[in-house]
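Enquirer: Submitted below is the structure of interest, expressed as structure tokens.
2 protein chains.
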Amino acid sequence: MRASLIRSGMELLTERGYSATGIDAILKPVGVPKGSFYYYFSSKDEFVTQVIDAYSEFFASLLDRHLLNEERQPLDRIFDFVDAAAEGMARYGFRRGCLLGNLGQEMSTLPESFRFQIEAVFADWESRIALCLHAAQQRGALSSTADTASMAYLFWIGWEGAVLRAKLEQTDRPLKLFAREFLATNKIPT
Amino acid sequence: MRASLIRSGMELLTERGYSATGIDAILKPVGVPKGSFYYYFSSKDEFVTQVIDAYSEFFASLLDRHLLNEERQPLDRIFDFVDAAAEGMARYGFRRGCLLGNLGQEMSTLPESFRFQIEAVFADWESRIALCLHAAQQRGALSSTADTASMAYLFWIGWEGAVLRAKLEQTDRPLKLFAREFLATNKIPT
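Going down the list, the sequences are from chains A and B.
Position 67, counted from 1, in the first sequence is what this note's numbering calls 67; the numbers after and before it change by one each time, with no gaps.
Converting from the second sequence to this note's numbering requires adding 190 to each position, the first position being numbered 1.
Pasting the structure below:
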């Protein structure tokens with residue numbers, strides 16, 4: 001039951017963000033009364049904290065599946081992640097974006113505690129991409145002077161902008177174009 | 191009165207987005223009763239349509255002030271715009287972002303008519319940046335093979351991601367770092 005509520009929250013927050021998501025909408029697909037919600041969670045904010053944690057785990061495993069795939073070259077692994085994420089967005093008609101992007105956009109109306117939680121998740125994603133860029137650099141696919149830490153930070157900035165634009169245009173063009181251009185910078189032709 | 195309501199709406203939508211902005215909150219700083227709102231606007235959606243138009247005009251004039259400044263080199267004009275926008279965000283404690291970014295993020299819960307209106311504004315911003323990049327190219331500051339149209343599209347993708355991140359981190363670091371990296375690509379050292 002608890003897991004079903006978290007799952008429902010993850011879907012709704014990924015699609016609509018915090019402000020547009022009421023507790024009733026979270027309960028509806030799970031089919032439980034409001035009292036049950038407060039049995040598991042003390043407040044909407046405590047619930048959202050747990051939803052962010054669950055999303056962070058879900059997304060880290062998506063990243064690992066592609067970025068740690070030893071059968072692919074490091075830069076191709078990043079493209080694989082982008083393709084998988086683009087397919088995921090297409091599957092839901094480009095209505096669902098990034099839960100962190102939605103909450104970050106709404107930050108001025110959210111509790112301060114969310115800020116640090118979201119920043120920590122971005123830092124985690126950043127380190128995963130940095131590791132992959134570093135592997136590309138070691139194999140000579142990326143310029144030895146490229147600042148992989150800085151690139152990883154900029155990757156998620158561009159990614160969030162691309163996801164936002166993909167929701168608007170309802171195509172994966174922003175995601176694909178961003179990834180291609182991002183990886184073209186500092187890339188050493190093979 | 192009408193202009194004051196539009197101004198109040200622009201401030202609130204830039205800070206909180208659509209879902210978190212009720213008509214009462216728009217009326218409050220202006221100090222008019224709800225009936226007056228419906229005298230000027232038939233609905234919240236019609237009001238927001240006009241707020242987007244007003245924001246589009248406001249932002250186009252900010253862009254023009256910097257991008258058409260003949261006293262500066264074309265690429266420096268883009269940095270000037272970034273600096274001015276970063277100062278604007280700092281002035282409001284990084285609570286206010288981009289009205290278009292906020293609405294784009296909320297797109298799945300908004301009327302379809304907003305989609306086309308927002309896309310048209312992005313297309314307008316894109317053409318203004320493209321013109322400036324083209325001027326840089328003609329003066330030999332940007333590689334002659336650089337695809338300025340594609341760069342202009344990617345500029346606004348990265349920009350929206352950077353604004354989102356600046357709201358989260360409450361610093362202008364994402365804006366400055368994004369602009370520096372973006373313009374470093376294809377730039378010809380002087």
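Heads up, the beta-carbon is just placed ideally off N, CA and C, and yes, glycines get one too.
1) Name, please, each residue of chain A whose Cβ falls closer than 7 Å to the Cβ of Glu371 of chain B.
2) Could you please give the first and the last residue of the uninterrupted alpha helix (DSSP H) stretch that includes Tyr55 of chain A?
3) Using a Cβ cut-off of 8 Å, pull out every chain A residue sitting near Trp349 of chain B, in sequence order please.
4) Distance, Cα to Cα, Phe269 of chain B vs Phe368 of chain B?
5) Would you mind stating whether Tyr39 of chain A and Leu5 of chain A have Cβ atoms separated by less than 8 Å?
6) Along chain B, which residues have their Cβ under 7 Å away from the Cβ of Ala130 of chain A?
7) With 8 Å as the C-beta to C-beta threshold (strictly closer), list the residues of the region 287-300 of chain B near chain A in chain order.
8) Buried or exposed: where does Phe227 of chain B fall if 16 or more other Cβ atoms within 10 Å of its Cβ makes it buried?
9) Determine which residues of the region 11-29 of chain A have a Cβ less than 7 Å from any Cβ of chain B, and write them out in chain order.
10) By Cβ distance below 6 Å, which residues in the same chain neighbour Leu75 of chain A in space, the five residues on each side in sequence not counted?
11) At the level of alpha carbons, what is the spacing between Gln138 of chain A and Leu365 of chain B?
12) Taking 8 Å as the threshold (C-beta atoms), are Arg95 of chain A and Glu15 of chain A in contact?
13) Name the residue from A:Asp147, A:Ile118, A:Thr148 and A:Gly35 whose alpha carbon lies nearest to the alpha carbon of Ala54 of chain A.
14) Give the range of the alpha helix (DSSP H) segment to which Lys357 of chain B is assigned.
15) Return the residues of the region 301-333 of chain B that lie within a Cβ-Cβ distance of less than 7 Å from chain A, sorted by chain order.
16) With 16 as the cutoff for other CB atoms within 10 Å, does Tyr282 of chain B come out buried or exposed?
17) Mind listing the chain A neighbours of Lys357 of chain B? Cutoff is C-beta to C-beta under 8 Å, in chain order.
18) Quick one: residues in its chain with C-beta nearer than 8 Å to the C-beta of Ser127 of chain A, no 5 flanking neighbours on either side, listed in chain order?
19) Less than 8 Å between the beta carbons of Leu289 of chain B and Leu300 of chain B, yes or no?
20) Going by DSSP, name the residue or residues bridged to Leu183 of chain A.
21) Assuming contact is defined by CB atoms lying nearer than 8 Å, are Ile31 of chain A and Gln295 of chain B in contact in what I supplied?
22) Going along the chain, which residues of its own chain have a beta-carbon closer than 7 Å to the beta-carbon of Trp346 of chain B, five neighbours each way excluded?
23) Closest Cβ-Cβ distance between Thr361 of chain B and chain A: below 8 Å?
24) Give, in chain order, every residue of the region 224-255 of chain B whose Cβ lies closer than 7 Å to some Cβ of chain A.
25) Please state the DSSP three-state secondary structure of Leu265 of chain B.
26) Check each residue of the region 263-275 of chain B: if its Cβ is closer than 7 Å to any Cβ of chain A, include it; give the result in chain order.
27) How would you list, in chain order, the residues of chain B whose beta-carbon sits under 7 Å from the beta-carbon of Thr185 of chain A?
28) Looking only at its chain, what residues have a beta carbon closer than 6 Å to the beta carbon of Ser246 of chain B, apart from the 5 residues adjacent to it on each side?
29) Would you mind reading off the limits of the alpha helix (DSSP H) that contains Asp172 of chain A?
30) Measuring only between beta-carbons, confirm whether Leu164 of chain A sits less than 8 Å from chain B.
31) Going by beta-carbon coordinates alone, are Leu258 of chain B and Phe271 of chain B separated by less than 8 Å?
Expert: Straight from the coordinates:
1) For the purposes of this step, residue 371 of chain B is taken as residue 181 along the second sequence, with counting starting at 1. Within chain A, the residues near Glu371 of chain B are Leu154.
2) Residue mapping note: residue 55 of chain A aligns to position 55 of the first sequence, counting from 1. Membership of Tyr55 of chain A in the alpha helix (DSSP H) is indicated by the continuous run Lys44 to Leu67.
3) In the second sequence, the residue the question calls residue 349 of chain B occupies position 159. The answer, in chain order, is Gly161.
4) The residue given as residue 269 of chain B occupies position 79 in the second sequence. The residue given as residue 368 of chain B occupies position 178 in the second sequence. Distance between the alpha carbons of Phe269 of chain B and Phe368 of chain B is about 11 Å.
5) For the purposes of this step, residue 39 of chain A is identified with residue 39 of the first sequence, where counting begins at 1. For the purposes of this step, residue 5 of chain A is identified with residue 5 of the first sequence, where counting begins at 1. No, these two residues do not count as a Cβ contact at 8 Å.
6) Residue numbering aside, residue 130 of chain A sits at position 130 when the first sequence is read from its first letter. By Cβ distance, chain B contributes nothing, its closest Cβ being about 15 Å from Ala130 of chain A, past 7 Å.
7) Close to chain A, meaning a Cβ-Cβ distance shorter than 8 Å, are the following residues of the region 287-300 of chain B: Gly287, Gly291, Asn292, Gly294, Gln295, Glu296, Met297, Ser298 and Thr299.
8) Translated into the one-based positions of the second sequence, residue 227 of chain B becomes position 37. The residue in question, Phe227 of chain B, is buried, as its Cβ has 16 or more Cβ neighbours within 10 Å.
9) Of all residues in the region 11-29 of chain A, Glu15, Arg16, Gly17, Ser19 and Ala20 have a Cβ within less than 7 Å of some Cβ in chain B.
10) The count along the first sequence starts at 1 and reaches residue 75 of chain A at position 75. Excluding sequence neighbours, Leu75 of chain A sits near Ala136, Ala141 and Leu183.
11) Position 138 of the first sequence holds residue 138 of chain A. Position 175 of the second sequence holds residue 365 of chain B. Taking the straight line from one Cα to the other gives about 29 Å.
12) Here residue 15 of chain A is taken as the residue at index 15 of the first sequence, counted from 1. Here residue 95 of chain A is taken as the residue at index 95 of the first sequence, counted from 1. It is a contact, given that the beta carbons lie within the stated cut-off.
13) Residue mapping note: residue 54 of chain A aligns to position 54 of the first sequence, counting from 1. Taking Ala54 of chain A as reference, the option from A:Asp147, A:Ile118, A:Thr148 and A:Gly35 with the minimal CA-CA separation is A:Ile118.
14) Start at 1 with the first residue of the second sequence, and residue 357 of chain B comes out as number 167. Unbroken alpha helix (DSSP H) run through Lys357 of chain B: Thr338 to Glu359.
15) Answer in chain order: Arg305, Ile308 and Glu309.
16) Position 92 of the second sequence, counting from 1, holds the residue named residue 282 of chain B. Result: exposed.
17) Locating residue 357 of chain B in the second sequence gives position 167, where the first residue counts as 1. Near Lys357 of chain B (Cβ distances below 8 Å), the residues of chain A are Gly104, Gln105, Met107 and Ser108.
18) Working through the first sequence from its first residue, we reach residue 127 of chain A at position 127. Cβ neighbours of Ser127 of chain A beyond the five flanking positions: Ala152.
19) As a first step, residue 289 of chain B must be located in the second sequence, where it is residue number 99. As a first step, residue 300 of chain B must be located in the second sequence, where it is residue number 110. No, they are not a contact pair.
20) One-based indexing of the first sequence puts residue 183 of chain A at position 183. Leu183 of chain A pairs with nothing; no bridge assigned.
21) Residue 31 of chain A sits at position 31 when you count from the first residue of the first sequence. Residue 295 of chain B sits at position 105 when you count from the first residue of the second sequence. Strictly speaking, residue 31 of chain A in this sequence is Gly, with Ile absent from that position. Between Gly31 of chain A and Gln295 of chain B, the CB-CB gap reaches or exceeds 8 Å.
22) Taking the first residue of the second sequence as 1, we reach residue 346 of chain B at position 156. If we look at Trp346 of chain B and ignore the five residues flanking it on each side, its Cβ neighbours are Phe312, Trp315 and Glu316.
23) Here residue 361 of chain B is taken as the residue at index 171 of the second sequence, counted from 1. With 8 Å as the cut-off, Thr361 of chain B does not count as an interface residue toward chain A.
24) Listed by position, the residues of the region 224-255 of chain B near chain A (Cβ gap below 7 Å) amount to none.
25) Taking the second sequence and counting its residues from 1, the one referred to as residue 265 of chain B is at position 75. Of the three classes helix, strand and coil, the one that applies to Leu265 of chain B here is helix, per DSSP.
26) Per Cβ criterion, the list is empty.
27) In the first sequence, residue 185 of chain A corresponds to position 185, counting from 1. The contacting residues are Thr375.
28) By one-based count along the second sequence, residue 246 of chain B stands at place 56. Setting aside the 5 residues that flank it on each side, Ser246 of chain B is surrounded in the same chain by Val311, each with a C-beta closer than 6 Å to its C-beta; the list follows chain order.
29) Taking the first sequence and counting its residues from 1, one reaches residue 172 of chain A at position 172. That residue, Asp172 of chain A, is in no alpha helix (DSSP H); it is neither H nor E in DSSP.
30) Against the first sequence, residue 164 of chain A aligns to sequence position 164. Yes, Leu164 of chain A counts as interfacial toward chain B.
31) Indexing the second sequence from 1 puts residue 258 of chain B at position 68. Indexing the second sequence from 1 puts residue 271 of chain B at position 81. No, these two residues do not count as a Cβ contact at 8 Å.
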